[in-house]
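See below for the structure under consideration.
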Amino acid sequence: MSSETPVDMPPMRFDTKIAVLLRDDLETWQRLNVTSFLVSGLGPTEPEVIGEPYEDADGTAYLPMFRQPVLVFEGTKEVLKAAHARALARALPRAVFTSDLFGTGNDRDNRAAVRAVGTGELDVVGLAVYGPRNGVDKVVKGARMHP
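If you want the working numbering, it's the position in the sequence shown, counting the first as 1, plus 2.
Right, here's the structure in full:
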């Protein structure tokens with residue numbers, strides 16, 4: 003067993019990136035809601051993004067979380083539209099949140115609201131993307147880090 007503690011170990015560098023892009027005209031509560039919904043899809047479909055379960059010094063167990071940072075960006079409606087198109091073109095794993103979802107109250111209605119609109123007409127207010135660092139960087143090009 004190694005005597006190294008996490009503090010003594012060099013920082014981990016990931017070849018992949020998780021990014022969330024939010025439209026810059028959302029209210030604070032909407033930004034938080036959209037972010038949580040978007041990232042919830044990554045773990046079940048991309049299991050390598052999930053780390054090991056947590057445990058505190060008293061042995062109390064906690065759920066595992068992402069193994070790497072989630073970077074949150076913001077951009078205009080046009081930046082979101084372009085990022086959505088680039089994510090599709092690169093076939094990167096992605097989650098989408100449209101403005102219509104603010105008017106629904108459950109998963110079934112959320113999926114129906116997205117299904118009712120063609121890809122090019124979706125009013126995207128949030129997008130989560132996972133993949134190789136350089137590919138994700140190209141998808142979020144034009145966005146800025148969320149303040």
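All residues carry an ideal CB built from backbone N, CA and C; glycine is no exception.
- The C-beta distance from Gly61 to Ala145 rounds to 42 Å, too long to fall under 8 Å, and the pair is not in contact.
- Residue pairing by DSSP puts Gly133 in a beta bridge opposite Lys19.
- In this structure, the alpha-carbon of Arg113 lies about 15 Å from that of Gly128.
- Excluding residues up to 5 positions away in sequence, Thr100 and Ser101 lie with their Cβ nearer than 6 Å to the Cβ of Asp125 in the same chain.
- Collapsing the DSSP output to three states places Arg96 in a strand.
- Ala85 and Val141 do touch by the CB rule: their CB atoms are close to 5 Å apart, below 8 Å.
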